[in-house]
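Have a look at the structure below before the remarks.
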Amino acid sequence: MCNQKLTVLLALIVIGFYWIGSSGASQCLKNSAPYEIHERRLGIGLQVTNRPTHQLMTRIFDIFLREVLHYKPVRIVPIHFDNETDPDKPWRLLNYVRTVNGLLNTTMINLALWMPYGYARFPEMILSAGVSITPGRFGWFVPSAQVPDTVTSYYSMHYKIFENINNTHYDLYTMDDNITNILLQRRVEEFINPNCARHKCAMLIAEHRNDSFFIEHTLKESYLNVVWLGEQFKQTIEELDDIYKIQYPHGKKRFMVLHWTPSMIIGASIKFTQMILPRCEESVDQQKTHCKYDLTPIVKYYGKDLSDESRLMYALQSFYITDYTLEYFQKELELRRNRSENIEDIYNEIACNWMHENENVYNKWIEPMKMQTLSIGGIFPINVTDQGHLNIEEAAHRAIAAVNANTTILPGHQLVLKINDGHCRSDMVMRALIHYYKNDNVLGVLGPACSETVEPIAGISKHMNMMVMSYSAEGASFVDRKAYPYFFRTIGAITQYVDAHMELMRLLGWNRVSTLTEDGLQYSDYMANMESKLKQHNYTLAFNRKFQPNVSAEDMNEHLSRLKEAHSRIIIAQLHNDNAAMAICEAVHLGMTQAMGYIWFLPAWLSKDFQVWQTKVNHRCTAEELRNVSKYFEKHLIIN
């Protein structure tokens, strides 16, 4: 029944709005591109919420479709949801991309749907065109001028304050009666927390309840009320900022704003500092409300009926609003804030001005007459000295040359490899991926090399429609095709090596083995599989030593000593290059080499640069010592 009411409500709201389309919109561009008019049997509807960013980007795309590509009819369709906490809301949002009740002759596009990571319940006939803007998140914000730069400021900016009304910092956020009266006089709606029935509680100030209704379900353990101010939100917080500077200097009192970023409020005329909020995995209530405080991709979706429109698809997939454009929106809205005309006229004016000033940008949304170059984005550990990563870039260039030399593979196209150094660091790899997505029209990404850097980009590639092909990431978690539909690799998962270990033990008559592994997702899956297979084959796991990635030489010595005390002679070591050098150095000191009857399984890609090893072990072994003892490890076993 609730779902039926929601459907009827949305239908009434949408039908109640007039449409802004080609018949009613004034001409923006005087000399538009020389395309013939493309009139569709089914019109194109551009859905839009009341958020200014969504309004402006939608109107820009509307002008582009009508006046550059000459599609008609094109309409802007306002939509509105009252129940932000509906667990099926993402599905309903996507479903209304396909159709809105009463507008069945229109194929819908939405340029800015906030879609949680991992959401997989897609309606039929709905497709994604990638992200349209910087990922967004909700947050609680305090004007930065009210937060002194002191040691205690961290503790005064934590959500836990509001779970205890006697907290030292709680009174910073309570409001005097004159402030409360201003808010109550302008309120559109409010939430009175049941916990506040007998207490004077702090208050969150928000804009539209339909955008942030979820907050009511996350305050069960808090002493916080919420007031929504609607259209007076921006004006009120600016007035409050002035009042607080005079009445409460040096941060003696603070007010909090519930809003989202990127937006036209946060970071505009008033600079805000974000409160520390719980991570989604720490809060069941947040999980139920789709993790609003976590970064959420803002994605473009469209009805499948548009898939055969190559020019439209190219424009939709290319459409992206940069952070620079967001700043432009903020400045333009600020300049017009005191004007009396209709807000839609202001949105149209700003969108039209942007089109006049950014022809070089929207020309990139126009499909070239002929595709000639196809790009692959390479992410390689170029400046990482490990021997296992040598020659990867050269090998990739040779593969590109081989494809281009055979004209039957990609006739009429030239394959190009672009290069970025990932440094085997997650932040650099993510930066490279974003660079490729924003600046280069790439088919996909080749790389990165290191498993620990893959997971973030493998997850986000789903929303970018960008394939990620890794040549050396062994992590076991990437086998989930629903979570990582666009991630592929040219080697097996590390867990697949376990069967090879089992067979080798059978052939050599071994029945007892020990392991030395780094703690982390990549190797934890491996060890779980290893332990299961050992039990299945009646083998004994004599000892399993795990250590932190930043282990010290002294701790490594202790781990190896414990293995030695347990009479562990066969050791399977799964560890990265820095710790491999340390383990080998300490094994030499403890007499645990092949010469002393120990058998080591080591990764295939370990470096043999002993000068580098000497540095990595902090000179506990010299390069000469490592070179001399390396012969003991020349006969170590590798499964590859």
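Here the sequence shown stands for residues -25 to -1, 1 to 615, where the numbers follow mature numbering (1 follows the signal peptide of the UniProt record, and there is no 0). Glycine included, each C-beta is placed from N, C-alpha and C at the ideal position.
- Shown here, tyrosine 461 sits in coil according to DSSP, grouped into three states, outside any helix or strand.
- For serine 426, there is no enclosing alpha helix (DSSP H), as DSSP marks it with neither H nor E.
- Here glutamine 2 carries a coil assignment [DSSP, helix/strand/coil].
- Straight-line spacing of the CA atoms in valine 117 and phenylalanine 304 works out to 22 Å.
- Residue burial annotation: threonine 125 is exposed, with fewer than 16 other C-beta atoms found within 10 angstroms of its C-beta.
- Closest option to methionine 480, judged by alpha-carbon separation, among Ala570, Ile547, His564, Cys176: Ile547.
- Assignment of beta-bridge partners to valine 587 by DSSP yields no partner.
- Close CB contacts of leucine 270 within its chain, under the 7 Å cut and outside five residues either way in sequence, are with Pro110, Arg112 (chain order).
- Burial of proline 356 is indicated by the presence of at least 16 other C-beta atoms within 10 angstroms of its C-beta.
- Under DSSP, the beta-bridge partners assigned to arginine 112 are Thr236.
- Non-local C-beta neighbours of alanine 290 in its own chain, meaning closer than 6 Å and more than five positions away in sequence, comprise Trp340, ordered along the chain.
- In the structure shown, threonine 300 falls within a helical segment according to DSSP collapsed to helix, strand and coil.
- Check the Cα spacing between asparagine 554 and each of Ala177, Leu581, Gly572: the tightest is with Leu581.
- Residue state for glycine 387 is assigned as coil, using DSSP reduced to three classes.
- Selection Ser315, Lys306, Gln121 evaluated against alanine 326 yields Lys306 as nearest (Cα-Cα).
- Distance between threonine 211 and glycine 226, taken at the CA atoms: about 19 Å.
- A buried status is given to alanine 181, since no fewer than 16 other beta-carbon atoms sit within 10 Å of its beta-carbon.
- Look at lysine 228 here: in three-state DSSP terms it is coil, with no helix or strand label.
- In this structure, the CA atom of glutamate 164 is about 20 Å from the CA atom of aspartate 151.
- Partner residues in the beta bridge of threonine 82, as assigned by DSSP, are Ile19.
- Bounds of the alpha helix (DSSP H) holding alanine 374 are 367 to 380.
- Counting the other CB atoms within 10 Å of its CB gives serine 315 a total below 16, which places it among the exposed residues.
- Note on the region 265 to 345: whole alpha helix (DSSP H) runs with a minimum of 4 residues are 285 to 293, 298 to 310, 318 to 332, 334 to 337, in chain order.
- Within the same chain, Cβ atoms closer than 6 Å to the Cβ of asparagine 395 are found at Ile354, Ala407, the five residues on either side in sequence being excluded.
- Per DSSP, reduced to three states, the secondary structure at glycine 352 is strand.
- Each of Gln586, Asn603, Leu550, Asp584 was checked against the Cα of threonine 568, and the nearest Cα belongs to Asn603.
- Nearest to isoleucine 19 by C-alpha distance, out of Ile167, Lys135, Lys279, is Lys279.
- The beta carbon of arginine 487 sits closer than 6 Å to the beta carbons of Thr515, Ala517 from its chain, once the five residues preceding and following it are set aside; these are given in chain order.
- Contact between tyrosine 134 and proline 253 holds: their C-beta atoms lie close to 6 Å from each other, under 8 Å.
- In the three-state reduction of the DSSP assignment, glutamate 213 falls in the helix class, which pools H, G and I.
- Contact between the region 168 to 180 and the region 194 to 207 is present, with at least three C-beta pairs closer than 8 Å.
- Judged by their CB atoms, isoleucine 432 and valine 404 are nearer to each other than the 9 Å cut-off.
- Straight-line measurement puts the Cα of asparagine 519 at about 15 Å from the Cα of aspartate 530.
- Within the same chain, Cβ atoms closer than 6 Å to the Cβ of lysine 508 are found at Val473, Met477, the five residues on either side in sequence being excluded.
- If you draw a straight line from the Cα of threonine 465 to the Cα of tyrosine 459, it comes to about 15 Å.
- Pairing glycine 114 with tyrosine 268 gives a Cβ-Cβ distance under 9 Å.
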